[in-house]
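Peer 1: Numbered as in our numbering, the sequence shown ends at 106 without a single skipped number. Glycine included, each C-beta is placed from N, C-alpha and C at the ideal position. Nothing here was measured: the structure is a model prediction, and the numbers come from that model.
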Amino acid sequence: MFKLDNGMKVYFKHLPEEWGYLTTDEEGVDRNPETPYKGKTTCYIDDELSGEALREGVAFCSINDRFDKARGRKLSLTRAIEGLDKDLRKEFWTAYLAVTSRR
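Pasting the structure below:
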């Protein structure tokens with residue numbers, strides 16, 4: 004978990020044993036056939052003062068890959084901050100890199 008100066012709190016949940024099937028792609032288009040996954044990491048961005056959930060990003064692990072928390076954190080954070088302006092995204096990455104030794 005880390006916090007930004009503007010009051011946003013970022014934290015991750017790792018679920019390495021969760022199994023399921025992706026039925027849609029990132030744009031919401033149906034997948035045919037469904038894609039199985041084993042493990043996922045979710046990045047949550049909340050307003051620390053109000054506790055309101057602002058953004059969320061999810062990274063799924065293929066059943067053929069080894070679950071890697073660092074890789075899942077990076078991908079889920081990327082998806083959570085997608086669409087924000089460049090300066091704000093840079094703030095998120097600077098804070099993330101300050102609290103983790105893995106780059």
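(1) Just mark L43 as buried or exposed, buried being the case when its beta carbon has 16 or more other beta carbons within 10 Å.
(2) Looking at A101: is its Cβ nearer than 8 Å to the Cβ of I48?
(3) Under the three-state reduction of DSSP, which class applies to F95: helix, strand or coil?
(4) What residues in its chain sit with their C-beta under 6 Å from that of L18, if we drop five residues either side in the sequence?
(5) If you draw a straight line from the C-alpha of A56 to the C-alpha of Y14, how long is it?
(6) Could you check the C-alpha separation between N9 and R58 for me, to the nearest Å?
(7) If you count every other CB in all the chains shown that lies within 10 Å of the CB of R69, and 16 or more means buried, which is it?
(8) Which stretch, first to last residue, makes up the alpha helix (DSSP H) that contains R82?
(9) With DSSP collapsed to three states, give me the class of L52.
Peer 2: Taking the definition as stated:
(1) Just to set this straight, residue 43 is Lys in the shown sequence, not Leu. With 16 or more other Cβ atoms within 10 Å, it is buried.
(2) No, the Cβ-Cβ distance between A101 and I48 is not below 8 Å.
(3) In the three-state reduction of the DSSP assignment, F95 falls in the helix class, which pools H, G and I.
(4) Cβ within range, chain order: K43.
(5) Approximately 11 Å between the Cα atoms of the pair.
(6) CA-to-CA, the gap between N9 and R58 works out to about 15 Å.
(7) By the neighbour-count rule (16 or more Cβ atoms within 10 Å), R69 is not buried but exposed.
(8) Taken as a continuous stretch (DSSP letters only), the alpha helix (DSSP H) holding R82 covers K72 to A83.
(9) In the structure shown, L52 sits in coil (DSSP, three-state: anything other than H, G, I, E or B).
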